[in-house]
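Peer 1: I'd like to ask some things about the structure below.
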Amino acid sequence: MLIEKILNNNVVITKDRYGNEIIIMGRGLAYCKKIGQKIEKDKIDKVYRLSSDELSQKFQELLLELPIEYLAIVDQIIDYSKEILEVELNDSIYISLTDHVFTSMERKKNGLQVRNALLWDIKRFYPKEFKIGMKMIEKIKEHYDIDLPEDEAGFIALHLVNAQTGNSEMNNMYDLTKIIQDIMNIITYYFKITIDEDSVYFYRFTTHLRFFISRMQSNKPYKNETDEDLLEIVRKKYWNAYQCVDKIAEFLAVNYHYETSTDERLYLTIHIARIVEKNG
């Protein structure tokens, strides 16, 4: 591989055999090097193949502003996240999470702190992501002796949720979390119960909700492919849960102008029925 562009001593741009731009990182990788020279493979620490030219350009701009050590920590956390969450993460996470970590550390150095109004809900609805956020805070403390608050772990969790659902704006995540809370309120009010938030059924349901609401925000609902006979069986078997889903669908129609599809009603009914059953 040949150097196409040098960002700094540690980062260069090249292209793969298909002509796609890739970002290569390694300490001293470009020291005393010029465009057109070969990249020494033994100095390569990390290769980034981002999914679009736009993401690649944004990432390059970010790399010009921060120390390579910051990205190394983020890399570790992203790899850890993929292992814990067992999902693919959108390439945008390299940009959003690195930028957030850099910004939060600079705020702390300047004595500024941003409160996370959704912290309690984030802990409830995204426990795995919040755990990863706390892991990130521990690493920052270990490497830089900077104590970031739990609020930042919550923000990191939202970035990870963002990267799973494909949303590009953090505002969508605030809306997503609020809608989940509204739906949980409808369920608890309808059934007059306190939901066990430590149960696996609660975790599965909130996971389903985040993707359901993400589709809603993107206006990409499931198509109505459910067999009517199957829907009728579910409706009869879980009558109360289905009536609760009607309330949820009405709420979403009135407040978000979203028509819940038959398929989505089916899945919501089954999830709610399980939560109520295991909560009894």
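For the sequence shown, position 248 (counting from the first letter as 1) is numbered 1299 according to the numbering used here, and the numbering increases by one without interruption.
Every residue gets a Cβ at the ideal spot worked out from N, C-alpha and C, and that includes glycine.
1. Can you check DSSP and say which residues form a bridge with Thr1065?
2. Please say whether His1322 and Arg1261 have beta carbons closer to each other than 8 Å?
3. If you draw a straight line from the C-alpha of Gly1079 to the C-alpha of Phe1153, how long is it?
4. How many Å lie between Asp1126 and Tyr1225 at the Cα?
5. So if DSSP puts Tyr1254 in a beta bridge, which residue, or which two residues, is it bridged to?
6. Under the three-state reduction of DSSP, which class applies to Val1098: helix, strand or coil?
7. Got a sec, what are the start and stop residues for the alpha helix (DSSP H) Asn1306 sits in?
8. Look at the Cβ atom of Lys1160, then the Cβ atom of Ile1237, and state whether they are nearer than 8 Å.
9. Report the three-state DSSP secondary structure of Ile1246 (helix, strand or coil).
10. Would you kindly report the start and end of the unbroken beta strand (DSSP E) that includes Lys1092?
11. Within 8 Å, do at least three Cβ pairs link the stretch 1139 to 1148 to the stretch 1162 to 1169?
12. Which residues does DSSP list as the beta-bridge partners of Leu1211?
13. By the DSSP assignment, the beta strand (DSSP E) with Asn1059 in it spans what residues?
14. Is the stretch 1097 to 1112 touching the stretch 1066 to 1073 in the sense that three or more CB pairs, one from each, lie closer than 8 Å?
15. Would you be able to state if there are at least three C-beta pairs under 8 Å between the stretch 1205 to 1214 and the stretch 1173 to 1180?
16. By Cβ distance, which residues of its chain are closer than 7 Å to Tyr1241, with the 5 residues on each side in sequence left out?
17. Assuming Ile1090 and Val1062 form a contact by the criterion Cβ under 8 Å, report the distance between their Cβ atoms to the nearest whole angstrom.
Peer 2: Result, derived from the coordinates:
1. Ile1073
2. no
3. 22 Å
4. 25 Å
5. Paired residue(s): none; Tyr1254 is not in a bridge.
6. strand
7. 1290 to 1307
8. no
9. coil
10. No beta strand (DSSP E) contains Lys1092, which DSSP labels as neither H nor E.
11. no
12. Answer is none; Leu1211 lacks a bridge partner.
13. 1056 to 1059
14. yes
15. yes
16. Cys1295, Lys1298
17. Ile1090 to Val1062, Cβ: 11 Å. No contact.
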